[in-house]
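Chains as they are written, first to last, in the working numbering: chain A, 1 to 344; chain X, 345 to 688. A virtual CB, placed ideally from N, CA and C, is assigned to each residue, including glycine. To start, the structure under review is shown below, and the notes come after it.
Protein chains: 2
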Amino acid sequence: MEKAIFECGKQSVKIPVPVYIAASASVVGTKESEGPLSSLFDVQGQDDLFGCNTWEEAESTLQKEAVTLALGKAKLNNEDIRYLFAGDLLGQAMATSFGLSSFKIPLFGLFGACSTCGESLSLGAMSVAGGYARHVVCVTSSHFASAEKEFRFPLEYGGQRPPYATWTVTGSGAFVLSGEKKRAVRAMITGITTGRIVDYGIKDNFNMGCTMAPAAAEVIHQHFEDFSRSPDDYDKIITGDLGSVGQIALLDILKEKGYDIAGKHMDCGIEIYDSQKQNTGAGGSGCGCSATVLSAYVLKKLEEGVWSRVLFVPTGALLSKTSFNEGMSVPGIAHAVVIEKAND
Amino acid sequence: MEKAIFECGKQSVKIPVPVYIAASASVVGTKESEGPLSSLFDVQGQDDLFGCNTWEEAESTLQKEAVTLALGKAKLNNEDIRYLFAGDLLGQAMATSFGLSSFKIPLFGLFGACSTCGESLSLGAMSVAGGYARHVVCVTSSHFASAEKEFRFPLEYGGQRPPYATWTVTGSGAFVLSGEKKRAVRAMITGITTGRIVDYGIKDNFNMGCTMAPAAAEVIHQHFEDFSRSPDDYDKIITGDLGSVGQIALLDILKEKGYDIAGKHMDCGIEIYDSQKQNTGAGGSGCGCSATVLSAYVLKKLEEGVWSRVLFVPTGALLSKTSFNEGMSVPGIAHAVVIEKAND
């Protein structure tokens, strides 16, 4: 069967015209502010409630601040933005619904668990390149306390965590994508590989790394095949939140598929905390993990020319407390986005 | 500021090349099978558990069956489908995660509450028209029992329902969108208007109709402005699940905005049940309501030439039990899709 014009291989798209990440912003909580990337985040919260009464409202505030800041940096108003592509981890995308309503921008609500940052950048880039929008904003968030309550137990319960558990990042990252380059931009999106649900049957709701690693491996493998590229074509291959345990699984599965990415792999969840000192188990996780590290760290490296092309692969665990309590497994999904240094 | 090429007015897109609804399918539960549209649905379930152990698994089965049937009617395999655009009402899109994994098709998970059918058709049409995909599938579902448990109380609790409450439809509708017309197609998508979050501050988690009506009114109004059209340009203006109470609010708000759509309005939630006889309150609701009625009834009328152009407006209430219990309001969102009789 003949392919649509921008289809590339089995699961990928070559973005046909330049889509720039015009600006971005990151807002994080206290634990992230104490971590190794601290000084790079735009806003370092001093109180994880962010002046709100509930954790969910606090998470909404993270999104609101991240979008406001990103718009400011892009010198755009909300009327200039055609679409919001947004989501979070909570039931019915609660943080998004209450965080973004005041912008009055048409909204495509997304759910890809912690992979949502990749999903939003993919759909955002497709709409800008397709001529449907001049500017869009992609935003995702997570909050440690709202996530623990949503997926496991409220913090007040004092539940114990195994050492291989990941720690949900309190943070939000927002990205303004534009088809035009009127001023300095941070980077550009040149390709996407959209992931499928991969289920290895893992039923441990703490072991997020291993539930997501198979999906990450599959989408990275498919990306190389679709684009006829290898790890050598990238300065970094950056997963969202596999943590130190999921990283081992990822490298092993990809080695079985014939790709050794050990020298190129970086995981946002590993970078965001000093897990030994900060007691964050296998590392950071959540929609906010990959989004804040992309904004604060990865795009900086591309701007500075330290890296010229990275594969950014946010990873999601399709966990819900209901399916977990009904004895179901935790399937994974991951979406890959090629991000390159913008031409001068 | 200059517009992107396919932007139309403030919130709309004129789909630049034909996007066909090549085929579709609807699968419903027992109550829907006893309603006035019964004989039009492809599968009329005899048991709302659909052979499963839990309501959530049953809902996953609805999606799986709807997609399988729609693919069969389109004479396509899952390898032919580039993307799934899918979602449901449950926390972390549970029905979607477990219902669609076996297809192994790249997935964009969506959340727009009961408006998700409109969101999926919008993004699906944009990707096909943009040249990113030759064929995509858009699918959404809801289930009365999984929804009551998710949003209010488990059925076993025997909670009472006020007469203005709507009844969540047990059903799923799947749509194959294609850029080509190799055989008979059902209809075509020619435009979209993407909705914003609209919050009138309503805090009643039973009154879904009134939480959604303002968002529906706003997107319909904006659609008319963006396309320079009026109700006269449509044979029907079809909301998703406002029910008989929300319908009154919609007509009133639009009248204030200068548009009288009373003679053109139809609501899928009102059509799907005989609410007097079936004790379904103000009518049907849920992601499955607009999706199954579109597939079984609306597309049939377009195929038969009874109607030639409709505005299809699935409506969503951004309700979650956590935000509700924290005293928050229930914001609404709605997405409008122009669906026309396909040229012969």
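Within 10 Å of its beta-carbon, does residue i have 16 or more other beta-carbons around it, so buried, or fewer, so exposed?
i: Lys-621(X); result: exposed
i: Leu-433(X); result: buried
i: Lys-203(A); result: exposed
i: Gly-504(X); result: The displayed chain sequence assigns Gln, not Gly, to residue 504(X). Gln-504(X) is exposed by the Cβ-count criterion.
i: Phe-497(X); result: exposed
i: Lys-493(X); result: buried
i: Tyr-501(X); result: exposed
i: Asn-207(A); result: buried
i: Ala-184(A); result: exposed
i: Gln-566(X); result: buried
i: Ile-253(A); result: buried
i: Asp-199(A); result: buried
i: Pro-506(X); result: exposed
i: Leu-155(A); result: exposed
i: Gly-535(X); result: buried
i: Glu-59(A); result: buried
i: Gln-92(A); result: buried
i: Ile-533(X); result: buried
i: Lys-599(X); result: exposed
Any beta carbon of chain A sitting closer than 8 Å to that of residue i?
i: Ala-560(X); result: no
i: Asp-570(X); result: no
i: Met-552(X); result: no
i: Pro-498(X); result: no
i: Gly-431(X); result: yes
i: Pro-658(X); result: no
i: Ile-581(X); result: no
i: Pro-675(X); result: yes
i: Ser-471(X); result: yes
i: Pro-362(X); result: no
i: Arg-653(X); result: no
i: Ala-410(X); result: no
i: Ile-349(X); result: yes
Nearest to residue i by alpha carbon, out of the options?
i: Gly-474(X); options: Phe-488(X), Pro-362(X), Tyr-617(X), Val-411(X); result: Pro-362(X)
i: Gly-553(X); options: Gln-566(X), Glu-569(X), Thr-510(X); result: Thr-510(X)
i: Tyr-578(X); options: Gln-566(X), Ile-605(X), Phe-497(X), Ser-588(X); result: Ile-605(X)
i: Ser-673(X); options: Leu-662(X), His-679(X), Gln-436(X); result: Leu-662(X)
i: Lys-301(A); options: Lys-236(A), Ser-101(A), Pro-214(A); result: Lys-236(A)
i: Cys-482(X); options: Gln-407(X), Lys-417(X), Tyr-508(X), Val-513(X); result: Gln-407(X)
i: Gly-395(X); options: Leu-451(X), Gly-373(X), Ala-491(X); result: Gly-373(X)
i: Asn-53(A); options: Ala-678(X), Asp-391(X), Gly-671(X), His-679(X); result: Gly-671(X)
i: Glu-34(A); options: Gly-173(A), Asp-274(A), Ala-174(A); result: Asp-274(A)
i: Ser-485(X); options: Thr-514(X), Ala-559(X), Asp-688(X), Ile-449(X); result: Thr-514(X)
i: Ala-410(X); options: Glu-463(X), Ala-348(X), Ala-430(X); result: Ala-430(X)
i: Tyr-691(X); options: Gly-416(X), Thr-538(X), Tyr-603(X), Asp-585(X); result: Outside the modelled stretch of chain X, which goes from 345 to 688, sits residue 691(X), for which no answer is possible.
i: Thr-538(X); options: Glu-463(X), Thr-624(X), Arg-653(X); result: Glu-463(X)
i: Val-245(A); options: Arg-229(A), Asp-267(A), Pro-231(A); result: Asp-267(A)
i: Ala-518(X); options: Val-480(X), Ser-490(X), Lys-526(X); result: Val-480(X)
i: Ser-323(A); options: Val-357(X), Arg-478(X), Leu-594(X), Glu-401(X); result: Glu-401(X)
i: Phe-41(A); options: Ser-172(A), Gly-332(A), Ile-5(A), Ile-15(A); result: Ser-172(A)
i: Leu-121(A); options: Gln-46(A), Asn-343(A), Val-338(A); result: Val-338(A)
i: Gly-541(X); options: Ala-125(A), Gly-109(A), Lys-3(A); result: It should be noted that the sequence gives Ile, not Gly, for residue 541(X). Checked all of Ala-125(A), Gly-109(A), Lys-3(A); the closest Cα to Ile-541(X) is Gly-109(A).
Measure from the C-beta of residue i to each C-beta in chain X and report whether the shortest distance is under 8 Å.
i: Ser-97(A); result: yes
i: Arg-186(A); result: no
i: Ile-81(A); result: no
i: Ser-172(A); result: no
i: Ser-373(A); result: This structure leaves residue 373(A) out entirely; chain A is present only between 1 and 344.
i: Gln-92(A); result: yes
i: Met-266(A); result: no
i: Tyr-132(A); result: yes
i: Leu-62(A); result: no
i: Ile-189(A); result: no
i: Ala-370(A); result: Here chain A comprises residues numbered 1 to 344, so residue 370(A) is not present and cannot be evaluated.
i: Met-328(A); result: yes
Using beta carbons (cut-off 8 Å, strictly below), is residue i in contact with chain C?
i: Asp-199(A); result: Among the protein chains of the structure shown, namely A and X, there is no chain C.
Please give the ranges of any alpha helix (DSSP H) in the segment 516-546 of chain X, keeping only runs that are unbroken, at least 4 residues long and fully inside the region. Taken in chain order, no unbroken stretch of alpha helix (DSSP H) lies wholly in the segment 516-546 of chain X with a span of 4 residues or more.
Taking 8 Å as the cut-off, does the segment 510-525 of chain X touch the segment 352-369 of chain X (at least 3 CB pairs, one atom from each stretch)? The answer is yes - the segment 510-525 of chain X touches the segment 352-369 of chain X, with three or more Cβ pairs under 8 Å.
- Let me know the alpha helix (DSSP H) ranges lying completely inside the segment 205-242 of chain A, each 4 residues or longer, listed in chain order. Fully enclosed alpha helix (DSSP H) runs of 4 or longer: 208-227.
TODO: Let me know the beta strand (DSSP E) ranges lying completely inside the segment 122-147 of chain A, each 3 residues or longer, listed in chain order.
DONE: Here the runs fully enclosed are 135-142.
Count the C-beta pairs between the segment 615-634 of chain X and the segment 452-463 of chain X that are closer than 8 Å, then say yes if the count reaches three, no if not. As far as the Cβ criterion goes, the segment 615-634 of chain X touches the segment 452-463 of chain X, which means the pair count is three or higher.
Inter-stretch contact (C-beta, 8 Å, three-pair minimum) for the segment 649-668 of chain X and the segment 77-97 of chain A = Output reads yes: the segment 77-97 of chain A touches the segment 649-668 of chain X.
Q | Ordered list of beta strand (DSSP E) runs contained in the segment 4-67 of chain A, each at least 3 residues | A | Counting only runs of 3 or more, we get 12-28.
Review point. When the Cβ atoms of the segment 302-315 of chain A are set against those of the segment 209-220 of chain A, are three or more pairs found closer than 8 Å?
Key: Segments in contact, yes.
I'd like the ranges of any alpha helix (DSSP H) spanning at least 4 consecutive residues and lying wholly in the segment 579-661 of chain X. Listed in chain order, they are 587-600, 612-616, 619-622, 631-637, 643-647.
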